[in-house]
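Below is one structure; the comments refer to it alone.
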Amino acid sequence: MASERIIVDITKLGRDAQQVYSLIQAMEKELKDMSSSVRQMGLMWEGESKTAFTAAFERDRRQAEDLVTELKALCGFENNAKKLYDQCERQVMDIASSIRI
-13 MASERIIVDI
-3 TKLGRDAQQV
7 YSLIQAMEKE
17 LKDMSSSVRQ
27 MGLMWEGESK
37 TAFTAAFERD
47 RRQAEDLVTE
57 LKALCGFENN
67 AKKLYDQCER
77 QVMDIASSIR
87 I
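Here the working numbering is used: the first residue of the sequence shown is -13, the next is one more, and so on.
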């Protein structure tokens, strides 16, 4: 019977979580900046095209915010997984170090 192993690189998992968090922060900043630009542009623009553009932008902005929410959940999952793997690794080390031969 073949043995199967799962290897988790806890350091990489932590780096990945940090990278996702950094991307979330960048996305939130860009969304805020774009919203500000669209508001400023709206002050100088009138008509049906303004209404259509603003509606399309708002729809896209909401979708981007939904994506940010999902990325935050992913980041939380990665951070929790790292914490649990760290905890398990410490417990294994404690058990191994307590064995007396």
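Glycine included, each C-beta is placed from N, C-alpha and C at the ideal position.
Asked, Found
"Residue environment, residue 64, which counts as buried when at least 16 other CB atoms sit within 10 Å", "buried"
"Residue span of the alpha helix (DSSP H) that contains residue -4, given as start and end", "-4 to 29"
"Buried/exposed call for residue 74, threshold 16 Cβ in 10 Å", "exposed"
"Proximity of residue 61 and residue 10 at Cβ, strictly below 8 Å", "yes"
"Helix, strand or coil at residue -9 according to DSSP, with G and I counted as helix", "coil"
"Whole beta strand (DSSP E) elements within the stretch 36 to 74, 3-residue minimum", "none"
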